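Visitor: Those letters in the sequence shown? Residues 13 to 453, per our numbering, in order. All residues carry an ideal CB built from backbone N, CA and C; glycine is no exception. If you're wondering where the values come from, they're calculated on a predicted model, not measured in any experiment.
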Amino acid sequence: MSGQTWLYTVNYLPQAPAAFALLSPAAGANLKTNTPSLDWADTADPDPSESVSFTVQYSSYAGFGVYASSAGIGVSAYSITANLAAGVTWYWRVYAAGSDGLVRCAATNYFFISPDVRPLAPSGVSVEASADKSRATLSWEAVTANEDGSALTNEAGYAVYRAYSLENVFTVSAATTVAAGTLAWTDYDVYGRTIYYVVRARNSNATESAASGVARTGAEDSAVSYTADMSASVAVPGEMVYSTVTISLERIYGQQDAGVRAVYRLSAAGADGNALDIVFPAPVTLSFAVSPPAGSPAPGSENLDCAVFWNNGVEWINLGGDAAGAEVTLKTTRLGDYQVRTALRASGFSILSVWPKIITPNGDGINDEFNYTFENPTTDKAEGAVFGIDGRRVAAMVSKTDSWLAWQGADDNANPLAPGLYVYQVRCGAKVYNGTVVIAR
């Protein structure tokens, strides 16, 4: 033992870890998440060679008469995984313990979880009527997240609302509720009537989501999206409702003038929220109010004749539309900006727009097709065909809607035609309308 040096440390008075403060959420914070993250300052134990561990306690009672606890935490942060009730003030405190068991408690803090933390609204809502129209089945996609992006871990099911008018479907009591995991409901009391439906997701706190898009059964089953002021809508056929694509219509302010009653933007977005540039495989129906409902602004305050114009990226194209009563409707396959304008309506077949006169059908989305729009209040169907300069018929024009013909520069078998001059011919009843179009490649 001689020649060796020994060092002894005597801890005469053991001490608890040093004082520390709770950092986040700040005292009185108003949170919009049911699973908050807690953070506090680091601390250390002044006693030699002692480590520190933490215990978190949280409660809806200021005196912690009942509380939840998590112990043995080795870092100065903790994420609550249980869904805390909304509309409640929550209190939390942290104990720091040294290896010797001495404990230091930080001052209690508190936060409030806002009751407007809601599940996301259901998407992909569609309705399909039975063959005899006596019943209709409503379906939707599962909701898995809240509006703040957090996971929906306390789902309780869905509430279905039904009404015979659009205005009432947002105010009536729920027609039924279904359990979590149930993604369809059948209405056995339809019998050909027009009925509007919306679906709301519910969590275990009885908090409901915003309303889904409107589904409508009647002459044509469809999913309907309305502008915020309810002055316009887009109706998407039931077979075109996809959970991965959201189609929306919004009113654009600040572009009105003496002739323009209102401007709207029809857009599509993917599941990630990014904009999509698509052409609908079948027409959707746009409806624009031209006489405002009570208390709601709308395009037009008198029953004037109106027409719908679409911006093709270069100019505004007159698409016409069917004006009846207090609205004008239009079928379209195109996204983009639409204007409702005051316009004189034709009493017979009338050409609205013809564009472009030179097409370059190469698939780049620019001038790939020849378009011909018209008004046709007659009972005769308008049909179009394309001929070579030798008079030989080369293709039929395709009806994109009841008032829109198009040609993609190919024959009836989709074979590309040679560059050159072609003659188009549109026939409606006994009247024939001709013109020329050029293919450039």
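(1) By alpha-carbon positions, which one of Ile370, Thr385, Thr391 ends up nearest to Ile363?
(2) Counting only runs that start and end within the stretch 34-58, where is the beta strand (DSSP E) found for 3 or more residues in a row?
(3) Using 7 Å as the cut-off, classify the Cβ of Thr67 as near or not near the heavy atoms of the ligand GDP, replying yes or no.
(4) Does the count of Cβ pairs from the stretch 31-48 and the stretch 118-132 closer than 8 Å reach three?
(5) Provide the residue span of the alpha helix (DSSP H) that contains Glu167, from first to last.
(6) Measuring CB to CB, does Val139 end up less than 8 Å from Asp233?
(7) Per DSSP, what kind of secondary structure is Glu232 in: helix, strand or coil?
(8) Going by DSSP, which residues form a beta bridge with Ala386?
(9) On a Cα-Cα basis, can you pick out the residue from Val302, Arg346, Leu356, Gln351 that is closest to Gly337?
(10) Since Ser65 contacts Gly86 with CB under 8 Å, what's their CB separation in whole angstroms?
(11) Opposite Asn121 in the DSSP bridges: which residues?
(12) Here's the rule I'm using: 16 or more other beta-carbon atoms within 10 Å means buried, otherwise exposed. How should Gln351 be labelled?
(13) Using only the alpha-carbon positions, how far apart do Tyr173 and Leu132 sit?
(14) Where does Val296 sit, in a helix, a strand or coil, going by DSSP?
(15) Would you say Asp317 and Ala355 are within 8 Å of each other, going by their C-beta atoms?
(16) Restricting to Cα atoms, I'd like to know which of Asp289, Tyr70, Glu339 is closest to Gly348.
(17) For a test of the three-state rule: what should DSSP assign to Gly86, helix, strand or coil?
(18) For Thr206, is the classification buried or exposed, using 16 other Cβ atoms within 10 angstroms of its Cβ as the cut-off for buried?
(19) Please report how far the alpha carbon of Ala141 lies from the alpha carbon of Val296, in whole angstroms.
(20) Using 8 Å as the limit for Cβ to Cβ distance, is Tyr265 near chain D?
(21) Please tell me whether Phe361 and Lys443 are closer than 8 Å, where the distance is taken between their beta carbons.
(22) With 16 other CB atoms within 10 Å as the buried threshold, where does Ala218 fall?
(23) Please determine, among Trp152, Phe292, Trp102, Val246, the residue with the shortest C-alpha to C-alpha distance to Gly75.
Guide: Taking the structure as given:
(1) Residue 363 sits at position 351 when you count from the first residue of the sequence shown. Residue Thr385 is the option with its Cα nearest to Ile363.
(2) 34-36, 41-43, 49-52
(3) Looking at this structure, you won't find the ligand GDP or any other ligand, since it has none at all.
(4) yes
(5) Residue mapping note: residue 167 aligns to position 155 of the sequence shown, counting from 1. Note, Glu167: premise wrong, no alpha helix (DSSP H); beta strand (DSSP E) at 167-175.
(6) In the sequence shown, residue 139 corresponds to position 127, counting from 1. In the sequence shown, residue 233 corresponds to position 221, counting from 1. Against a cut-off of 8 Å, the Cβ pair of Asp233 and Val139 comes out as a contact.
(7) Position 220 of the sequence shown, counted from the first residue, corresponds to residue 232. Glu232 falls in the coil class under three-state DSSP.
(8) To locate residue 386, count along the sequence shown from 1; it is residue 374. What sits at residue 386 in the sequence shown is Phe, not Ala. Partner(s): Ile363.
(9) Counting from 1 along the sequence shown, the entry for residue 337 is found at position 325. Checked all of Val302, Arg346, Leu356, Gln351; the closest Cα to Gly337 is Val302.
(10) Locating residue 65 in the sequence shown gives position 53, counting from the first residue. Locating residue 86 in the sequence shown gives position 74, counting from the first residue. Indeed, because the Cβ distance is near 6 Å, the residues count as touching under 8 Å.
(11) As a first step, residue 121 is located in the sequence shown; it is residue number 109 there, counting from the start. Its beta-bridge partners are Trp104.
(12) Along the sequence shown, read from residue 1 onward, the residue named residue 351 stands at position 339. Label assigned to Gln351: buried.
(13) Here residue 173 corresponds to residue number 161 of the sequence shown, with the count starting at 1. Here residue 132 corresponds to residue number 120 of the sequence shown, with the count starting at 1. So the two alpha carbons sit approximately 17 Å from each other.
(14) Within the sequence shown, residue 296 is the residue found at index 284, counting from 1. In this structure, Val296 counts as strand in the three-state DSSP scheme.
(15) Walking along the sequence shown from the start, residue 317 turns up at place 305. Walking along the sequence shown from the start, residue 355 turns up at place 343. In contact: Asp317 and Ala355 (Cβ atoms closer than 8 Å).
(16) By 1-based counting over the sequence shown, the position of residue 348 is 336. Taking only the C-alpha atoms, the option nearest Gly348 is Asp289.
(17) Residue numbering aside, residue 86 sits at position 74 when the sequence shown is read from its first letter. If DSSP states are grouped into helix, strand and coil, Gly86 belongs with coil.
(18) Counted from its first residue, the sequence shown places residue 206 at position 194. The residue in question, Thr206, is exposed, as its Cβ has fewer than 16 Cβ neighbours within 10 Å.
(19) As a first step, residue 141 must be located in the sequence shown, where it is residue number 129. As a first step, residue 296 must be located in the sequence shown, where it is residue number 284. Looking at the two C-alpha atoms, the distance is approximately 19 Å.
(20) Here chain D cannot be found, since the structure has a single protein chain.
(21) As a position in the sequence shown, residue 361 is number 349, starting the count at 1. As a position in the sequence shown, residue 443 is number 431, starting the count at 1. Cβ distance < 8 Å, so Phe361 and Lys443 count as in contact.
(22) Counted from its first residue, the sequence shown places residue 218 at position 206. So Ala218 ends up on the exposed side.
(23) In the sequence shown, counting from the first residue as 1, residue 75 sits at position 63. Gly75 has its Cα closest to that of Trp102, out of Trp152, Phe292, Trp102, Val246.
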